[in-house]
Amino acid sequence: MQIAVSGGKGGTGKSTIAVNLAVALANRIEIALADLDVEAPNDHLLLGVELANEEPVTQFMPKFDYSKCTRCRKCAEVCEEHAIITLKDGTPFLMPTLCSGCRACEIVCPVPGAILEGSRLVGHTYVTETPYGFPLVTGKLLEGEERSMPLVVVAKKRAQALNKDLILVDTAAGTGNTVSKAIEDSKLLIAVTEPTPLGLHDLELILELGRLMSIPTWIVVNRADLGDVKEVEKLATKYGAEIVAEIPYSEAIVRSYVAGRPIVLKDGPEAEIFKGLADRVAEFLKEVI
Amino acid sequence: MQIAIASGKGGVGKSTVTASLLYFLKDEYRLIAVDADAEAPNLGLLLGVTEWEEEREHVGAKVARINPETCIRCGICHEKCPHDSIKLVDGDYVVNQLTCEGCNVCGLVCPVPGTVTLEEVRSGVIRRATTKYGFPIISAQLDVGRPESGKLVTEEKEWAKQLMKKLDLEHMIVDSAAGIGCQVIASLGGADVAILIAEPTPASISDVRRVYKVVQHFRQPAYLIINKADINPGFRALREWAEGEGIPILGEIPYDRAIPKSMAMLKPVVEAFPEAPASRAIREIAEVIMGEILK
Ligand code: SF4
Ligand code: SF4
Ligand code: SF4
Ligand code: SF4
């Protein structure tokens, strides 16, 4: 079973919510937290742990054996990324950063052995035990690599292989196809927003994504005192989503964020809100199992 | 000159600072602003744009489609799709339009000709407006679930370049997307200077370091602005990192409730609360930029 926490735009407090929810859920159910914000993974910093158990993620890259290649150009023609350029005589050359590793070139090449198996490191995944009773799976794209999709796919598989009852996914910002990949297979989408005009603009996009993917969606309003929650309610009604928690702006949350110690572990009103949210999630899980 | 403003991750105040800098720079230079955060564009909103004067649809993304009439349900496409985007739904193999990358591997491996088609779909829109401050802005919005936000950004910048020629503008200020992926690479590509924005937290340093590595690929000079400089007293790692890398610090902006308030008013903080501490700090930074970078 999987639940995703997403937020449309960055900086809404999505990771704070995901991390605290994971800590609060860990003593009720076997869970893994998956940080699929592969371009800027931060959950380990919020949890105050060092990434461990590194595994490389490599991607296929064609290597040409020019002694066999007949210069037919078929590989270049099928490459949707235009990663293969050909010289006048048809000799193919790869522009590595454009290659997505899809293997279309290899599939169409008529000469066995003309395209060899090359590979390129595109990032790493990690499985880190946390002191809070659950493992954190992290995907991290290498700087200079353009494509986060393979990292999202591999990190997600690594999380699934842990065989926990629940995977809590923390997605990247935005609503592009790598975010949909991270959310895919979730039974519930928790959208985090601020009640400001900018927040609402981004919330609508993530609600739209939830609707397109037919996933029931909850809304957590972060920094709820910054704006008008009524406006969030209107959007919630429009998309059939439900507001399940409101978190006020809090210095204590900022401090815990900076110190790498989840706020839910301390006593105080903020911790109670996260525990309440965890209760709701636990109830939801009972219903769907 | 082309300046890209980046942070590695959202939420550190990049768009607010960008909008405020634009507010000061507009009096001295002929500018164009580009909002390259195609997945969550908001610079236009912050600059008071309510209506776009021109919109261009961007058709560039491709997604596969399987014809259930001719499909023999052999499952080869499902097995070979590099992105796991083909699922068995009620006995039919179906492409998930929201995660497909359009590589056409499914089409190449399918044994039944014509069963898989690759369709061009709209990936988003690119828009142009004149801000109430007089300078033009180009912004893009990626459609939900589409790939290739990098291509959208590249196209935005192309349009901006054409406008610069036509209107005889001097500088392009690009508000980059979060992250370090294709959008950011497209935002930084071709820029003369990168201005990085970070806050003194472990998460923000980690993000800005990563985007700085991308900047180094392009061999662009980089500068740093420290936002919410006082939220974490005693934390020196951000300054130390910048000093160690030889990245000049353009200035520090204190944490100031005027910023979220101004955002709620959809105005640059320097316009909404010109005497707020954050606004004064940004004014000083704008002066440094005019003196050092745009001189
Ligand atoms: S693997 Fe795919 S993207 Fe890479 S060169 Fe071959 S066809 Fe192009
Ligand atoms: S498809 Fe194979 S034989 Fe043809 S140009 Fe490409 S590598 Fe050479
Ligand atoms: S086009 Fe590529 S990503 Fe899309 S379904 Fe086919 S094989 Fe998968
Ligand atoms: S490869 Fe072609 S025939 Fe086989 S399941 Fe896929 S679409 Fe159907």
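Those protein sequence lines, which keep their order, are chains R and E. Numbering follows my numbering, with no gaps: position 270 of the first sequence is 260. Numbers given in my numbering equal positions in the second sequence, counted from 1, plus 143. Where a beta carbon is used, it is the ideal one built from N, C-alpha and C, also for glycine.
For ligand 2, is there any heavy atom lying closer than 7 angstroms to the beta carbon of Gly80 of chain R?
Because some heavy atom of ligand 2 lies under 7 angstroms away, the Cβ of Gly80 of chain R counts as near it: yes.
Taking only three categories from DSSP, how would you classify Asp218 of chain R?
Coil, per DSSP.
Integer Cβ distance of Asp318 of chain E from Asp170 of chain E, believed to fall under 8 angstroms:
At roughly 19 angstroms, the Cβ-Cβ gap does not stay under 8 angstroms, so Asp318 of chain E and Asp170 of chain E are not in contact.
Distance between Leu77 of chain R and Gln(-8) of chain R (C-alpha atoms, nearest Å):
Answer to the nearest angstrom: the Cα atoms are 48 angstroms apart.
Just to confirm, is the Cβ distance from Val(-5) of chain R to Val144 of chain R under 8 angstroms?
Their beta carbons are not under 8 angstroms apart, which means Val(-5) of chain R does not touch Val144 of chain R by this criterion.
CB contact below 8 angstroms: Arg281 of chain R versus chain E:
The structure shown has nothing for residue 281 of chain R, since chain R only spans -9 to 279.
Within this structure, are the beta carbons of Leu41 of chain R and His34 of chain R separated by less than 8 angstroms?
The beta carbons of Leu41 of chain R and His34 of chain R sit closer together than 8 angstroms.
Closer than 8 angstroms at the beta carbon, the chain E residues around Arg137 of chain R:
Within 8 angstroms Cβ-Cβ: Gly324, Cys325.
Do the region 164 to 178 of chain R and the region 173 to 193 of chain E touch if we need at least three Cβ pairs shorter than 8 angstroms?
Contact between the region 164 to 178 of chain R and the region 173 to 193 of chain E is present, because at least three Cβ pairs lie under 8 angstroms.
Between Lys205 of chain E and chain R, is there a C-beta pair that is closer than 8 angstroms?
True, the Cβ-Cβ gap to chain R drops below 8 angstroms.
Considering just the uninterrupted stretch of the alpha helix (DSSP H) at Arg352 of chain E, what are its terminal residues?
Per DSSP, Arg352 of chain E is one residue of the alpha helix (DSSP H) stretching across 345 to 360.
Expressed to the nearest angstrom, what Euclidean distance is found between the alpha-carbon atoms of Val252 of chain E and Thr213 of chain E?
It is roughly 15 angstroms from the alpha-carbon of Val252 of chain E to the alpha-carbon of Thr213 of chain E.
Own chain residues within Cβ distance below 7 angstroms of Thr273 of chain E, not counting five before or after
Closer than 7 angstroms at the Cβ level, and outside the excluded window around Thr273 of chain E, lie Glu196, Pro279.
Give the residues of chain R in contact with Arg382 of chain E, contact being defined as C-beta atoms less than 7 angstroms apart.
Ordered by position in chain R, no residue passes the 7 angstroms Cβ test against Arg382 of chain E, which lies about 15 angstroms from the chain.
Tell me the residue span of the alpha helix (DSSP H) that contains Val169 of chain R.
167 to 173 is the span of the alpha helix (DSSP H), which, as asked, contains Val169 of chain R.
Please identify, using Cβ separations under 8 angstroms, the residues of the region 183 to 196 of chain R that lie next to chain E, in order along the chain.
Look at the region 183 to 196 of chain R: the residues with a C-beta under 8 angstroms from a C-beta of chain E are Thr186, Pro187, Leu188, His191, Asp192, Leu195.
Find the residues of chain E that neighbour Arg93 of chain R, judging by a C-beta separation of less than 8 angstroms, and give them in chain order.
Within 8 angstroms Cβ-Cβ: Lys223, Pro225, Val248.
Within its chain, find whatever has a CB closer than 7 angstroms to the CB of Thr87 of chain R; leave out the 5 residues flanking it on each side and keep chain order.
Cβ contact annotation for Thr87 of chain R (same chain, cutoff 7 angstroms, sequence separation greater than five): Glu136, in chain order.
Give a yes or no on whether 8 angstroms exceeds the smallest Cβ distance from Ala281 of chain R to chain E.
Outside the shown range of chain R (-9 to 279) lies residue 281 of chain R, about which nothing can therefore be said.
By Cβ distance below 7 angstroms, which residues in the same chain neighbour Gly267 of chain E in space, the five residues on each side in sequence not counted?
Only Ala181, His201, Ala283, Gln284, Leu285, Asp286, Arg289, Leu295 meet the Cβ criterion.
Which bits of chain R does Lys356 of chain E rub up against, with CB to CB less than 8 angstroms?
By Cβ distance, chain R contributes Glu133, Gly134.
Host alpha helix (DSSP H) of Lys130 of chain R (start-end)
Segment 125 to 131 is the beta strand (DSSP E) holding Lys130 of chain R; no alpha helix (DSSP H) there.
Give the list of continuous beta strand (DSSP E) stretches no shorter than 3 residues that lie fully inside the region 181 to 226 of chain E.
DSSP runs (the beta strand (DSSP E)) wholly in the region 181 to 226 of chain E: 197 to 209.
Kindly confirm or deny that the region 177 to 185 of chain R and the region 209 to 216 of chain R touch, where touching means at least three C-beta pairs closer than 8 angstroms.
Short answer: they touch.
In terms of DSSP beta bridges, what is Ala401 of chain E paired with?
According to DSSP, Ala401 of chain E bridges with nothing at all.
Does the Cβ of Leu189 of chain E have 16 or more other Cβ atoms within 10 Å, making it buried, or fewer, making it exposed?
By the beta-carbon neighbour count (other beta carbons within 10 angstroms, threshold 16), Leu189 of chain E is buried.
Any residue with its C-beta under 6 angstroms from a non-hydrogen atom of ligand 3 counts. Can you list them all in chain order?
Taken from the N-terminal end onward, the list reads E:Ala207, E:Cys224, E:His226, E:Ser228, E:Ile229, E:Val238, E:Cys243, E:Glu244, E:Gly245, E:Cys246, E:Asn247, E:Val248, E:Cys249.
Inspect the beta-carbon positions of Arg93 of chain R and Val248 of chain E and report whether they are closer than 8 angstroms.
Remark: C-beta atoms of Arg93 of chain R and Val248 of chain E approach each other more closely than 8 angstroms.
Taking the beta strand (DSSP E) that Pro46 of chain R falls in, what are its first and last residues?
Where Pro46 of chain R is concerned, the enclosing beta strand (DSSP E) stretches over 45 to 54.
Identity of the residue in E:Gln145, E:Asn239, E:Gly203 nearest Ile173 of chain R by Cα
The shortest Cα separation from Ile173 of chain R among E:Gln145, E:Asn239, E:Gly203 belongs to E:Asn239.
What does Pro82 of chain R pair with, by DSSP beta-bridge criteria?
According to DSSP, Pro82 of chain R bridges with R:Thr76.
Min CB distance Glu198 of chain R to chain E below 8 angstroms
Answer yes: the Cβ-Cβ gap between Glu198 of chain R and chain E drops below 8 angstroms somewhere.
Per-residue contacts from Ser349 of chain E into chain R (C-beta, under 7 angstroms)
Per Cβ cutoff of 7 angstroms: Asn32, Leu35.
Can you pull the chain E neighbours of Met203 of chain R, defined as C-beta to C-beta under 7 angstroms?
Correct list: Leu241.
Where does the unbroken beta strand (DSSP E) through Gln145 of chain E begin, and where does it stop?
Note, Gln145 of chain E: beta strand (DSSP E), 145 to 149.
Look up Asp233 of chain E in the DSSP assignment and say whether it is helix, strand or coil.
In the structure shown, Asp233 of chain E sits in coil (DSSP, three-state: anything other than H, G, I, E or B).
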